[in-house]
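Asker:
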Amino acid sequence: MRIRDGFLIQFIKLAGPFWNSGNKLVIRMDTVFLIILTVFQMGIAVVITEWNAALFDDLEQRSMTGLITQIGLLVLIFIANIAITTLHLIVKRRLLIGWRLWLTEKVISKWMHSGRHYQLTFMSKGDYDNPDGRIAEDIRIATEEAIALGHSLFYSLLLLGSFTEILWRLSGTVVVDLGFFTLTVAGYLVWISIIYAVCASILGWWMGKSLTAATNVRQSQEANYRRGLIKVQENSQAIALIQGEDNEQARILGSFQTIIAAYRQQTAAWKQIQMFTTGYSVTSMALPILVAAPRYIAGAITLGTLMQSVQAFQQMVSALSWPVNSMAEIANWRASVERVLGLVKALDELEHDISCHNSHQICVEKSKKSILKFDDVTIANLGVDNISATINTEIKAGERVLISGKVGTGAKLFEAIAGLWPWGFGHIQVPADGSLFFMPPRPYLPTGPLYAAICYPKATSLFERSDVENALRQVGLKEFVKQLDRVASWEQILSREQRQRLGLARVLLHRPKWIFIEEAMDSLSSDGEAQMLELLGNELPDAAILNITNQPSAEAFHQRKLKI
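Quick look at the structure:
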């Protein structure tokens, strides 16, 4: 199903359950309160037109007493309007941030589930680029604009209901003499406002229909540009060492050129809307006076009634013109909604594609035994071409196994065990206790205190500080013992060898029963790697160790070799 087919229904299905979530009582109360405050806002608009009519009638009669009365009423309207508007803002923003939080948690839980954020990068088709921007920015726009548009639409419907009655009453009955017959028209200002608003809406929607596509393109290019800047920041050391600044500058500016092209496309769409809305605003200001003035000149209505008719006409036209007035916001909202739906749809498709129901996938199952078992397992690439021999073997707890063959294939085997690489065939049984620990070549060290980076992904409260300090000394990083509370971007500060040694310290702290080492000590010397392997063997004698390494000196540590 395409994203554009029933996108509104898809959005409701995705985001609508917020009103039935765990905090539904508070959410529904805030929603009802927001509706009530919106009705009060409309009531203020009606009161203002009544006050405006009374004011001009008093001015026409030169009544000082009436003027003073109107000043007093204005103060009351002023106070009530401030109170209602302020409360409305508070409730709306509380509802808005709650909705955004709920939807963000829902999408992130799908994105971060079982490595889907990693597997998504291997999908060959679908609208899922820049998931970070879709989660951070598009969800914000999707929820904020939805509430803003919903509020403005409801307010417009209230205005339409209230001011249609007022304008009908003020219009009276007009007799139009067409020569050969006369036509009696009741509520003529209502009919003029409807015809004017409908014609303007059709024209405005036609002129602005290209804005949605242009906005979507620009949002995508802006996200790509931000992603490129983040990538440069993450690899700043490597870029500086190789003196790649000129290349990166050209690449970044080239990326910005795509933004300029998208900006021009959006400007062209905006230009049409701006031309229309500018003329529309001028006409909307003058038209009600021109069509209501003849009755005032003829003495059929007072000056106050004329001004009230003008305001009622403008309010009714504004309500009828909601699609035109909200065109830009609708385009921006729809573009963001489609980007969020695109990410969710890609994740759902990925979930289906890698399920065990697919015969072209590796199925990972939990085993009650403390073994790692491979049944007719073959690793394949994304094109379902086999890149490994069929594996049929069993690895028991405490075994030390050297994985030989192509390093890339061995890495994919580890990912298959972790449930991250489903492409291939066969079944893998992993220990049910789940104490599998994978050591990649570049361990992830989140920004923050070094203490938390070493304990990651578990909380620091689960480890004694003395154990962390001891682990640092064991892996040869005693100089960092006094820096455990230092907050820094450790991935950029530490060398590759220091990061790998911290990864070893992390293993000593977590004490897993199954350790998978993927060239996680390739920056160490052959003696250094042998020493660290010996350390793991001594500290974790019951742990099974599967190791991918090119160091010949490491072979003596292992009990057997598994060639893939």
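Those letters in the sequence shown? Residues 1468 to 2031, per my numbering, in order.
For glycine and all other residues, C-beta sits at the position ideal for the given N, C-alpha and C.
A quick note: this is a predicted structure, and the numbers were derived from the prediction, not measured.
#1: Can you list, in chain order, the residues of its chain with a C-beta nearer than 6 Å to that of Ala1482? Leave out the 5 residues immediately preceding and following it.
#2: Leu1656 and Ala1759 look like a contact to me (Cβ under 8 Å); what is the Cβ gap, rounded to whole Å?
#3: For Ala1813 and Leu1587, I'd like the C-alpha separation in whole angstroms.
#4: Are the beta-carbon atoms belonging to Glu1805 and Asn1691 less than 8 Å from one another?
#5: So the alpha helix (DSSP H) Val1758 belongs to, where does it begin and stop?
#6: From Lys1945 to Val1574, what does the alpha carbon distance come to, in whole angstroms?
#7: Please report the straight-line C-alpha distance between Ile1709 and Glu1689, rounded to a whole angstrom.
#8: How should Met1579 be labelled, buried or exposed, when 16 other C-beta atoms within 10 angstroms of its C-beta is the threshold for buried?
#9: Which residue marks the beginning of the beta strand (DSSP E) containing Ser1677, and which one marks its end?
#10: By the DSSP assignment, the alpha helix (DSSP H) with Asp1820 in it spans what residues?
#11: Along the chain, where does the beta strand (DSSP E) containing Ala2011 start, and where does it finish?
#12: So, Ala1885 versus Ala1938, is the Cβ gap smaller than 8 Å?
#13: Tell me which same chain residues have a C-beta within less than 7 Å of the C-beta of Gly1533, skipping the five on either side of it?
#14: Please state the DSSP three-state secondary structure of Glu1986.
#15: Is it the case that the Cβ atoms of Val1777 and Pro1755 are separated by a distance below 8 Å?
#16: How big is the Cα-Cα spacing for Leu2029 and Cys1830?
#17: Which whole-angstrom value is the C-beta distance of Leu1917 and Gln1950, which I expect to be below 8 Å?
#18: Between Asn1487 and the rest of its own chain, which residues show a CB-CB distance below 8 Å, the 5 nearest in sequence each way excluded?
#19: Would you kindly check if the distance between the Cβ of Thr1845 and the Cβ of Phe1892 is under 8 Å?
#20: Look at the Cβ atom of Ala1786, then the Cβ atom of Leu1541, and state whether they are nearer than 8 Å.
#21: Evaluate Lys1879 with the Cβ neighbour count: other Cβ atoms within 10 Å of its Cβ, from every protein chain shown; 16 or more gives buried, anything less gives exposed.
#22: Classify His1827 as helix, strand or coil using the three-state DSSP reduction.
#23: Let's test the definition: count the other Cβ atoms within 10 Å of the Cβ of His2025 and tell me whether it reaches 16, buried, or not, exposed.
#24: Given that a residue counts as buried once 16 or more other Cβ atoms are within 10 Å of its Cβ, and exposed if not, what is Glu1986?
#25: Just the Cα atoms here: how many angstroms apart are Arg1963 and Arg1909?
#26: Which residue comes first and which comes last in the alpha helix (DSSP H) that contains Phe1841?
#27: Ile2031 by DSSP, collapsed to three states: which one?
#28: How many whole angstroms separate the CB atoms of Phe1881 and Ile1982, which I take to be in contact at a CB cut-off of 8 Å?
#29: Are the CB atoms of Ala1512 and Gly1771 nearer to each other than 8 Å?
#30: Apart from the five residues just before and just after Ala2011, which ones in its own chain have a Cβ nearer than 8 Å to its Cβ?
#31: Could you spell out the range, first to last residue, of the alpha helix (DSSP H) harbouring Ile1575?
#32: Which residues bound the beta strand (DSSP E) around Leu1869?
#33: In its own chain, which residues sit with a C-beta less than 8 Å from the C-beta of Glu2001, not counting the 5 before and 5 after it?
#34: Classify Asn1519 as helix, strand or coil using the three-state DSSP reduction.
#35: Excluding the 5 residues flanking Ile1764 on each side, which residues of the same chain have their C-beta closer than 6 Å to its C-beta?
#36: For Ser1902, which residues from the same chain have a beta carbon less than 7 Å from its beta carbon, with the 5 sequence-adjacent residues on both sides left out?
Answerer: If we stick to the structure as given:
#1: Leu1570
#2: 6 Å
#3: 8 Å
#4: no
#5: 1712-1764
#6: 41 Å
#7: 27 Å
#8: exposed
#9: Careful: Ser1677 lies outside any beta strand (DSSP E) and carries neither H nor E.
#10: 1794-1820
#11: 2011-2015
#12: no
#13: Asp1525
#14: coil
#15: yes
#16: 20 Å
#17: 6 Å
#18: none
#19: yes
#20: no
#21: buried
#22: coil
#23: buried
#24: buried
#25: 7 Å
#26: That residue, Phe1841, is in no alpha helix (DSSP H); its beta strand (DSSP E) goes 1838-1846.
#27: coil
#28: The pair is not a contact, with the Cβ atoms about 11 Å apart (cut-off 8 Å).
#29: no
#30: Leu1839, Ile1862, Lys1863, Ala1864, Gly1865, Glu1866, Arg1867, Val1868, Lys1980, Trp1981, Ile1982
#31: 1531-1578
#32: 1867-1871
#33: Phe2024
#34: helix
#35: none
#36: Pro1979, Lys1980, Trp1981
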